[in-house]
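Asks: Using our numbering, the first residue of the sequence shown is number 88, and each one after it goes up by one. Backbone N, C-alpha and C define an ideal beta-carbon position, used for all residues, glycine too.
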Amino acid sequence: MLTTAAAAGGAALAMTAIVALRYLLASGGFALATARVRPGLYGGLGRQIRGEIGWSLLSAVIYGIPAGLVAWGWQTYGWTRIYAEWDAWPLWYLPVSLLLYLFAHDTWFYWTHRLMHRPRWFRLAHAVHHASRPPTAWAAMSFHPIEALTGAVVIPVLVLLIPVHVAVLGVVLTIMTVMGVTNHMGWELFPHGLVHSRLGGWLITASHHHRHHELYSCNYGLYFRVWDRLCGTDRGLSQP
Numbered sequence: 088m089l090t091t092a093a094a095a096g097g098a099a100l101a102m103t104a105i106v107a108l109r110y111l112l113a114s115g116g117f118a119l120a121t122a123r124v125r126p127g128l129y130g131g132l133g134r135q136i137r138g139e140i141g142w143s144l145l146s147a148v149i150y151g152i153p154a155g156l157v158a159w160g161w162q163t164y165g166w167t168r169i170y171a172e173w174d175a176w177p178l179w180y181l182p183v184s185l186l187l188y189l190f191a192h193d194t195w196f197y198w199t200h201r202l203m204h205r206p207r208w209f210r211l212a213h214a215v216h217h218a219s220r221p222p223t224a225w226a227a228m229s230f231h232p233i234e235a236l237t238g239a240v241v242i243p244v245l246v247l248l249i250p251v252h253v254a255v256l257g258v259v260l261t262i263m264t265v266m267g268v269t270n271h272m273g274w275e276l277f278p279h280g281l282v283h284s285r286l287g288g289w290l291i292t293a294s295h296h297h298r299h300h301e302l303y304s305c306n307y308g309l310y311f312r313v314w315d316r317l318c319g320t321d322r323g324l325s326q327p
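1. Identify whether Phe311 lies in helix, strand or coil by the three-state DSSP scheme.
2. Where do the N-terminal and C-terminal ends of the alpha helix (DSSP H) with Glu172 fall, by residue?
3. Going straight from the alpha carbon of Leu257 to that of Arg134, what length do you get?
4. Around the C-beta of Thr269, are 16 or more other C-beta atoms found within 10 angstroms, so that it is buried, or is it exposed?
5. For the alpha helix (DSSP H) that Gln326 lies in, which residues bound it at each end?
6. Count the other C-beta atoms from every protein chain shown that fall within 10 angstroms of the C-beta of Phe117, then say buried if there are 16 or more, exposed otherwise.
7. Let's see if you can read the secondary structure: which residues bound the alpha helix (DSSP H) around Arg220?
8. How many angstroms separate the CA atom of Leu286 from the CA atom of Phe209?
9. In this structure, does DSSP put Val246 in helix, strand or coil?
10. With a cut-off of 8 Å on the beta carbons, I'd call Leu181 and His252 a contact; round off their distance for me.
11. Mapping DSSP to helix, strand and coil, what is His204?
12. Are Thr103 and Ala147 closer than 8 Å when you measure CB to CB?
13. Compare the Cα-Cα distances from Val331 to each of Met266, Ser184, Glu234 and Gly96 and report the closest residue.
14. Check whether the Cβ atoms of Ala214 and Gly151 sit closer than 8 Å, and answer yes or no.
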């Protein structure tokens with residue numbers, strides 16, 4: 088029993104370290120790119136950035152523990168629907184599973200994000216994230232623990248329900264990390280032609296999410312503008 092608990096705890100600790108390192112590398116990398124592409128954009132924001140890093144490292148613990156326990160359960164007991172064999176499911180299912188995960192995550196994020204903007208929840212938790220004015224590349228995981236918990240459960244629950252190849256899961260986590268950082272860094276990374284195209288009209292990038300940080304009561308999505316458009320909360324693009 089002690090060995091099992093130690094193994095589970097070790098997995099949770101290891102995943103926490105991985106999540107924290109992933110955050111530092113991704114946010115640090117895009118912050119460095121910002122310093123070169125938009126010199127002075129983060130000028131005078133040192134105190135804010137230190138707060139963003141502190142909250143984000145706390146969030147890394149909250150994200151890392153359930154992720155580590157699920158990874159341990161997968162390897163030890165096969166609890167999840169993660170698979171490693173390429174022929175376990177048809178190849179056409181790989182892109183389908185990617186879209187299923189992204190859409191499910193986006194749906195959860197949209198509705199919990201709207202909840203976090205209710206006055207009580209905003210004061211209790213979400214105000215931490217909106218204390219970043221303007222947000223920077225370091226703000227992607229700058230959440231109060233309550234809000235971090237709502238985000239930390241998504242992927243662990245999905246891998247228990249929806250079959251996914253381990254490589255596709257890696258792609259999901261990469262997209263989640265890159266979009267989380269780039270949507271907050273204060274300037275548009277993606278080409279103007281894509282952002283303002285028909286396809287871009289359904290995708291969320293910095294131009295869309297920055298509008299949320301300007302107006303608060305709109306643009307709640309994470310990857311797609313589907314729910315914002317369906318629910319009348321899409322307010323278009325900003326000019327970050």
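Replies: Taking the coordinates as given:
1. Locating residue 311 in the sequence shown gives position 224, counting from the first residue. Three-state result, Phe311: strand.
2. As a first step, residue 172 is located in the sequence shown; it is residue number 85 there, counting from the start. Premise fails: Glu172 is in no alpha helix (DSSP H) and is neither H nor E.
3. Taking the sequence shown and counting its residues from 1, the one referred to as residue 257 is at position 170. Taking the sequence shown and counting its residues from 1, the one referred to as residue 134 is at position 47. One detail in the question is off: residue 257 reads as Gly in this sequence, not Leu. Their Cα atoms are separated by approximately 33 Å.
4. Walking along the sequence shown from the start, residue 269 turns up at place 182. Thr269 comes out buried.
5. In the sequence shown, residue 326 corresponds to position 239, counting from 1. Gln326 -> no alpha helix (DSSP H), and no H or E assigned at all.
6. Position 30 of the sequence shown, counted from the first residue, corresponds to residue 117. Under this definition Phe117 is a buried residue.
7. Translated into the one-based positions of the sequence shown, residue 220 becomes position 133. Where Arg220 is concerned, there is no enclosing alpha helix (DSSP H), given that its DSSP letter is neither H nor E.
8. Reading the sequence shown from its first residue, position 199 is the one you call residue 286. Reading the sequence shown from its first residue, position 122 is the one you call residue 209. Going from the Cα of Leu286 to the Cα of Phe209 covers about 32 Å.
9. By 1-based counting over the sequence shown, the position of residue 246 is 159. Reduced to three states, the DSSP call for Val246 is helix.
10. As a position in the sequence shown, residue 181 is number 94, starting the count at 1. As a position in the sequence shown, residue 252 is number 165, starting the count at 1. Indeed they touch by this definition, with Cβ atoms about 6 Å apart.
11. In the sequence shown, residue 204 corresponds to position 117, counting from 1. Coil at His204, not helix or strand.
12. By 1-based counting over the sequence shown, the position of residue 103 is 16. By 1-based counting over the sequence shown, the position of residue 147 is 60. For Thr103 and Ala147, yes; Cβs fall inside 8 Å.
13. What is shown of the chain runs 88 to 327, which leaves residue 331 out entirely.
14. To locate residue 214, count along the sequence shown from 1; it is residue 127. To locate residue 151, count along the sequence shown from 1; it is residue 64. Contact flag unset, no.
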